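Below is one structure, written out as structure tokens; the observations come after it.
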Amino acid sequence: MTKPKNQPVNLKVGELLKNEGFVQEDQIQKALEIQEDEISMARLPVEEYMLKKKHLTKVQFTKLKEHPEYGKLSVDQLAYKLNIISKKNLDEIQNRRTLQRSIGEILCEMGVITTNDLNYILQKYSKHQKFGEILLRQDFINEVNLNIALREQTHRTDPLGKILVQKKFITVDQLYQVLSKQYNIPYRKLDGFVVYDNQIEKLINIVGYRYAKKNMIIPLMLEENTLTLAVSSPERLAVVHELAYVYTHLKLKCIFVSEEKFDELFETLYGVAIKASKAAEDDRSRKETVSLIDIDLGEDTGDTRDTKSGTIYGTTTIEAEEVVNFIIKYGIINNASDIHIEQNRKKPKIRYRIDGILQTLKLAWLDERINDMIGAIISRIKVISNLDIAERRMPQDGVFRVNYFDREKKQGFDLDFRVATCPAIIGENVTLRILDSRKADVGLDRLNHSSHVLEPFKNTLKSSAGMVLVSGPTGSGKTSTLYGALMHINNPGIKIITAEDPIEYSFPDIMQTQIKPKINLTFAKLLRSFLRFDPDIILVGEMRDKETASIGFDAALTGHLLLSTIHTNDAVSAITRLLDLGIEHNQMASSLMAVLAQRLVRTTCQACKKEYNPKKEEWTLLFDKFPEHLAFFTGEGCEECKFTGYKGRTLISEIFVVDRNVSLALNRGENENEIRRIALKGGMKTMLDDGIMKLNQTTLEELIRVVPHEMLKEFKARKE
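Under this note's numbering, think of the first position of the sequence shown as 360, with each following residue one higher.
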């Protein structure tokens, strides 16, 4: 199915469906004939309409005309009162002119296309009807009341429909009639509907209680290979797609039911009362959906088919977008720092770095989607990252942003993503770094630096000139510490300028600049320029090269407080690294004030935490004899921590302060080991010392994993 090039978006839905290869001309004509017949029928007087639709016989109509209330009540109302027609018939008759079906709806009923096919076209060509427009067209509301609700919606997280119902501008039935029209999903009142006992067991085996409660979806009926599902909110429709990937042997249908009916059916099926309205409200307050910019992939893949699934790549755009949204959403709600999409000769896979450890996401339906459409998934990521879709031979770097509603703060946040692609043995590998602006708002006092680190660090920040460095590997929280420092010292009386790669978090009142190596805008060039901007404090992303280090120390000498990062194993090792960058001992003695080194360690899950004795091969790395004075804890593993024993991370850190004794040693040209000895003698505590003090928060095994091996040996030597 070839995607037409330069497809105009002002065509009618039927033409778009035909051009995309979903329908034939004769099928469109048949649907148009049905639509014309429905329009003609709707224009008939009510009694003629009822006779044509066989809601009423001629004999019944004659008797109605003889009834005393004929003329006082309309024919349809009188027929309903006398139980000649049902409430469903009455609703159909009364709404016949406002609820006329579109071509797409008729084609779906004919079985020519599915609702997924229709929604694909509506989304691709921006043909979805707006909720408010449908309300006005159906004459359910006037513009004045609609605008009142729209204004109120700007201050609330509730959907427009709920606000309109609360204000009694529309009824619940009208709400669901409009949703049905908007999403092409039928709305059923299900008055008198009964779920029989022999069906309940089958249904709850397909959709279990926990899944139904979490996703607010229930199975209603299983007839041969067709499963009918019910939801009360359009936000739950994505779950139907998820179940379709799991139950490939079943044909899934979905209907809308009211929240009241949903609650009733849920209790019938699972024997537990639930409030769909409360669940929807809770869900919005902790909203876990991801709002991505709506971009069409625009892939021109010709008639190429995926031989595994038979899916035509030109029609997987919406599926790819849904999968990418899910991948990103999972990373956000599980506090992942990175998302890895990797390919090899076997099959592609998704891994998340959570709490510093890579974890493979294992979901059967997701594995199937990734395996079938990895090309479309990577293309989708490239498009939203503004990368070249066609370039698969060279690495690329890009960025994109999503808006996320934080469940705890009940506030929306922009989350930036750094994207890197690289050719693999087969296809490409993609890594997404999540830059969460919420983490930058923590503040220095809440980063969990111990007091023996935090207080000296704060003291160095009081200085008007000098250099303060933060050391640690990538992903160790250096940026959070630096931004915490800036937040601690920022006030209207000072000017702060930063040079970053990239700007991970944006702050008001701070002049932030992104380096651009492609145009030779480097740390060194920006730093040289900053000195002419009359700054009080300068933050440089990294002491990366000799030129940057040299200008940085010159700035520190000339009355500026300079903050930066450096890559070393520990704080004292910064001395050797700075020497490698061409900085002399005497420059360090006069300008370097402190180096803070840090690591992130996983914290023990509080839900399953218990005291234990570590293995001998663990404690003997640090002690000659078992340390009876220490208490060790571990996590047994539970649902709360996904059976890892860990949940979250905390800092272990050390600070190397260049005091008088260290300064004299530097001026004498002493080596790193001697300077470390002097610092320890002066009371410096290492990262491992800090970790031992935090054994009530983490495990010995985790400390051994994270702390540099040389530090383990040094610690044991000191204890002998």
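For each residue, glycine too, the CB sits at the ideal point set by N, CA and C. Here the structure is a predicted model, which means the values were calculated and not measured.
* To do: Check whether the Cβ atoms of residue 1069 and residue 849 sit closer than 8 Å, and answer yes or no.
  => Sequence index remark: in the sequence shown, residue 1069 carries index 710 (1-based). Sequence index remark: in the sequence shown, residue 849 carries index 490 (1-based). For residue 1069 and residue 849, no; Cβs fall outside 8 Å.
* Asked: Can you list, in chain order, the stretches of the beta strand (DSSP E) that have 3 or more residues and sit fully within the region 786-825?
  -> Look at the region 786-825 and you find these whole runs of beta strand (DSSP E), each 3 residues long or longer: 787-795.
* **Whole-angstrom distance between residue 726 and residue 648, CA atom to CA atom** => Stepping through the sequence shown from its first residue, residue 648 is reached at position 289. Stepping through the sequence shown from its first residue, residue 726 is reached at position 367. A caution first: residue 648 carries a pLDDT of 36, below 50, which makes its placement in the model unreliable, though a value can still be read off. Computed Cα separation, rounded: 20 Å.
* **Exposure label - residue 839; buried when at least 16 CB within 10 Å** => As a first step, residue 839 must be located in the sequence shown, where it is residue number 480. Buried, since its Cβ has 16 or more Cβ neighbours within 10 Å.
* Asked: Between which two residues does the beta strand (DSSP E) carrying residue 855 extend?
  -> Position 496 of the sequence shown, counting from 1, holds the residue named residue 855. Run containing residue 855: 855-859, per the beta strand (DSSP E) assignment.
* Asked: Where residue 1050 and residue 1057 are concerned, what is the direct C-alpha to C-alpha distance, given to the nearest angstrom?
  -> Numbered from its first residue, the sequence shown carries residue 1050 at position 691. Numbered from its first residue, the sequence shown carries residue 1057 at position 698. If I take the Cα positions, the gap works out to 8 Å.
* Asked: With burial defined as no fewer than 16 other Cβ atoms inside 10 Å of the residue's Cβ, what is the status of residue 1052: buried or exposed?
  -> Mapped onto the sequence shown, residue 1052 falls at position 693. With fewer than 16 neighbouring CB atoms inside 10 Å of its own CB, residue 1052 falls in the exposed class.
* To do: Would you check if the distance between the CB atom of residue 382 and the CB atom of residue 493 is smaller than 8 Å?
  => Here the question's residue 382 lines up with position 23 in the sequence shown. Here the question's residue 493 lines up with position 134 in the sequence shown. No, the pair does not count as a contact, with Cβ atoms beyond the cut-off.
* Which residues bound the beta strand (DSSP E) around residue 994? -> Taking the first residue of the sequence shown as position 1, residue 994 is located at position 635. Counting along the chain, the beta strand (DSSP E) containing residue 994 begins and ends at 992-994.
* Which same chain residues, not among the five before or five after residue 601, have their C-beta less than 7 Å away from its C-beta? -> Your numbering for residue 601 matches position 242 in the sequence shown. When the five nearest sequence neighbours on each side are left out, the beta carbons in the same chain lying within less than 7 Å of the beta carbon of residue 601 are those of 724, in order along the chain.
* **residue 782 to residue 746 span [Cα, whole Å]** => Position 423 of the sequence shown, counting from 1, holds the residue named residue 782. Position 387 of the sequence shown, counting from 1, holds the residue named residue 746. About 14 Å.
* **Separation of residue 455 from residue 435, as counted between CA atoms** => Locating residue 435 in the sequence shown gives position 76, counting from the first residue. Locating residue 455 in the sequence shown gives position 96, counting from the first residue. Residue 435 and residue 455 have their C-alpha atoms some 12 Å from each other.
* Within 10 angstroms of its Cβ, does residue 756 collect 16 or more other Cβ (buried), or is it exposed? -> As a position in the sequence shown, residue 756 is number 397, starting the count at 1. Residue 756 comes out exposed.
* For residue 731: DSSP bridge partner residues -> For the purposes of this step, residue 731 is taken as residue 372 along the sequence shown, with counting starting at 1. None, per the DSSP bridge assignment.
* **Cβ shell of residue 1037 (< 7 Å), same chain only, five flanking positions each side left out** => By one-based count along the sequence shown, residue 1037 stands at place 678. Hits under 7 Å: 1020, 1021 and 1024.
* To do: Look up residue 1007 in the DSSP assignment and say whether it is helix, strand or coil.
  => One-based indexing of the sequence shown puts residue 1007 at position 648. In the structure shown, residue 1007 sits in a strand (DSSP, three-state: E or B).
* Asked: With respect to the alpha helix (DSSP H) encompassing residue 847, which residues constitute its N-terminal and C-terminal limits?
  -> For the purposes of this step, residue 847 is identified with residue 488 of the sequence shown, where counting begins at 1. From DSSP, the alpha helix (DSSP H) with residue 847 extends over 837-848.
* Asked: Which of the three DSSP states, helix, strand or coil, is assigned to residue 523?
  -> On the sequence shown, residue 523 is found 164 positions in, with the first residue counted as 1. Here residue 523 sits in helix by DSSP.
* **Distance between residue 542 and residue 925 (C-alpha atoms, nearest Å)** => Stepping through the sequence shown from its first residue, residue 925 is reached at position 566. Stepping through the sequence shown from its first residue, residue 542 is reached at position 183. Put simply, the backbone Cα of residue 925 is about 54 Å away from that of residue 542.
* **For residue 735 and residue 524, the rounded distance between their alpha carbons** => By one-based count along the sequence shown, residue 524 stands at place 165. By one-based count along the sequence shown, residue 735 stands at place 376. Cα to Cα, residue 524 sits roughly 40 Å from residue 735.
* Entirely enclosed alpha helix (DSSP H) segments - the region 403-482, minimum 4 residues -> Correct list: 405-411, 417-424, 434-440, 446-453 and 462-469.
* Cβ contact (3+ pairs, closer than 8 Å) linking the region 536-553 and the region 615-623 -> Segment contact: the region 536-553 against the region 615-623, three or more CB-CB distances shorter than 8 Å; contact assigned.
* Among 609, 572 and 415, which one has its Cα closest to the Cα of residue 595? -> Locating residue 595 in the sequence shown gives position 236, counting from the first residue. Put simply, of 609, 572 and 415 the residue whose alpha carbon is nearest the alpha carbon of residue 595 is 572.
* Asked: If we count the other Cβ atoms within 10 Å of its Cβ and call it buried at 16 or more, is residue 941 buried or exposed?
  -> In the sequence shown, counting from the first residue as 1, residue 941 sits at position 582. With a 10 Å radius around the Cβ and a threshold of 16 neighbouring Cβ atoms, residue 941 comes out exposed.
* Asked: Would residue 429 be called buried (16 or more neighbouring beta carbons within 10 Å of its own) or exposed?
  -> Against the sequence shown, residue 429 aligns to sequence position 70. It counts as exposed.
* Using a Cβ-Cβ cut-off of 6 Å (strictly less than) and excluding sequence neighbours within five positions of residue 759, which residues of its own chain qualify? -> For this step, residue 759 is matched to residue 400 along the sequence shown. In chain order, 743, 744 and 776 place their CB closer than 6 Å to the CB of residue 759, counting only its own chain and leaving out the 5 sequence neighbours on each side.
* Beta-carbon spacing of residue 930, residue 907 below 8 Å -> For the purposes of this step, residue 930 is taken as residue 571 along the sequence shown, with counting starting at 1. For the purposes of this step, residue 907 is taken as residue 548 along the sequence shown, with counting starting at 1. It is not a contact, given that the beta carbons lie outside the stated cut-off.
* Asked: Would the region 501-512 and the region 576-583 be scored as touching if the rule is three or more Cβ pairs under 8 Å?
  -> With a cut-off of 8 Å, the region 576-583 and the region 501-512 do not count as touching, because too few Cβ pairs lie within range.
* To do: Return the chain-ordered list of same chain residues with a C-beta closer than 7 Å to the C-beta of residue 1078, the five sequence neighbours on each side being excluded.
  => As a position in the sequence shown, residue 1078 is number 719, starting the count at 1. Exclusion of the five residues before and after residue 1078 leaves 982 as the residues of its chain whose Cβ lies within less than 7 Å of its Cβ.
* Asked: From 753, 772 and 754, pick the residue whose C-alpha is nearest to that of residue 762; which is it?
  -> Here the question's residue 762 lines up with position 403 in the sequence shown. For residue 762, the nearest C-alpha among the options comes from 772.
* Taking residue 537 as the reference, which of 563, 491 and 517 has the closest Cα? -> Within the sequence shown, numbered from 1, the residue matching residue 537 stands at position 178. Nearest option by C-alpha distance: 491.
* Asked: Tell me, which residues are paired with residue 576 by DSSP?
  -> Walking along the sequence shown from the start, residue 576 turns up at place 217. Within the DSSP secondary-structure output, residue 576 pairs in no beta bridge.
* Beta-carbon separation of residue 784 and residue 891 under 8 Å? -> For this step, residue 784 is matched to residue 425 along the sequence shown. For this step, residue 891 is matched to residue 532 along the sequence shown. Contact flag unset, no.
* Looking at the unbroken beta strand (DSSP E) that takes in residue 696, where does it start and where does it end? -> Locating residue 696 in the sequence shown gives position 337, where the first residue counts as 1. Run containing residue 696: 695-701, per the beta strand (DSSP E) assignment.
* To do: Could you tell me if residue 957 is buried or exposed, where buried requires 16 or more neighbouring beta carbons within 10 angstroms of its beta carbon?
  => As a working mapping, residue 957 is identified with position 598 in the sequence shown. It is buried - the Cβ of residue 957 has at least 16 other Cβ atoms within 10 Å.
* To do: Over the uninterrupted beta strand (DSSP E) stretch that includes residue 923, give me the two end residues.
  => Taking the first residue of the sequence shown as position 1, residue 923 is located at position 564. Note, residue 923: beta strand (DSSP E), 920-925.
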